[in-house]
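J.: Using the numbering used here, the first residue of the sequence shown is number 8, and each one after it goes up by one. Glycine included, each C-beta is placed from N, C-alpha and C at the ideal position. One structure, as structure tokens, below. Some questions next.
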Amino acid sequence: MAVRKILRMGDPFLLQRANEVEEFDTPELKQLIEDMLETMTACDGAGLAAPQIGVDQRVVIFGVEHNPRYPEAEEVPLTILINPVIEPRSDEIEIAWEGCLSVPGMRGAVPRNTSIRYHGMDQFGQSIDRTVSGFHARVVQHECDHLDGILYPSRIEDMRYFGFTEELFEEGSLGNPHASCET
Ligand code: NI
8 MAVRKILRMG DPFLLQRANE VEEFDTPELK QLIEDMLETM TACDGAGLAA PQIGVDQRVV
68 IFGVEHNPRY PEAEEVPLTI LINPVIEPRS DEIEIAWEGC LSVPGMRGAV PRNTSIRYHG
128 MDQFGQSIDR TVSGFHARVV QHECDHLDGI LYPSRIEDMR YFGFTEELFE EGSLGNPHAS
188 CET
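Next up, the structure:
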């Protein structure tokens, strides 16, 4: 196991569409997931996509246990999701703060579908199929965007709400940045 280096915005690798995983339950996939879990934990992140550590595979992990760093964040079960597909459940859009381990020190207010169904596989090739809303839905949309080469800043509609965390939240006027997570 190893903590891997996280690529940062500006690295062209983060702008590529990642490839589908074709074989499950392999030593290579197991190693990748172990590295991703260790890296996410080391960075205190809520999620991580394989392209963020320079791996061209459609693999994301996410999960939020109760975390003192994000006291207001809803809990999300630790999930390994491969070849994911997302379907919005309604037209309802919610705007909330997001951060990204590939865009360190910054936050932006990002519109996302409030309610989604997502499906895909786990590392053993077992099907995952869930309908979720709120923060859970947001994290999944953020992570899956990474697989299509999309970073959250390109989804921000009002660029006044994109900036350095310390500056944005200095006066506390914009709410608590720690209600959002870096993923
Ligand atoms: Ni991210």
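#1: Please report the residue range of the alpha helix (DSSP H) in which F142 lies.
#2: Hey, out of F69, T46, C151 and A25, whose CA is closest to T86's CA?
#3: Quick check on the DSSP output: the alpha helix (DSSP H) that includes P34 runs from which residue to which?
#4: Curious, which full-length beta strand (DSSP E) runs of at least 3 residues does the stretch 87–131 contain?
#5: Here's a check: name, in chain order, each residue in its chain whose Cβ is nearer than 6 Å to the Cβ of V66, leaving out the five neighbours to either side.
#6: Measuring straight from C-alpha to C-alpha, what distance separates L22 and T172?
#7: Evaluate the contact criterion for the stretch 18–32 versus the stretch 145–161: three or more CB pairs, one atom per stretch, below 8 Å.
#8: Under DSSP, the alpha helix (DSSP H) around L175 begins and ends at which residues?
#9: Could you give the first and the last residue of the continuous beta strand (DSSP E) run that contains L55?
#10: Does the Cβ of V10 have 16 or more other Cβ atoms within 10 Å, making it buried, or fewer, making it exposed?
T.: In this structure, then:
#1: G141 to L154
#2: F69
#3: P34 to C50
#4: 100–107, 110–120 and 122–128
#5: A57 and I89
#6: 23 Å
#7: yes
#8: T172 to L175
#9: G54 to A56
#10: exposed
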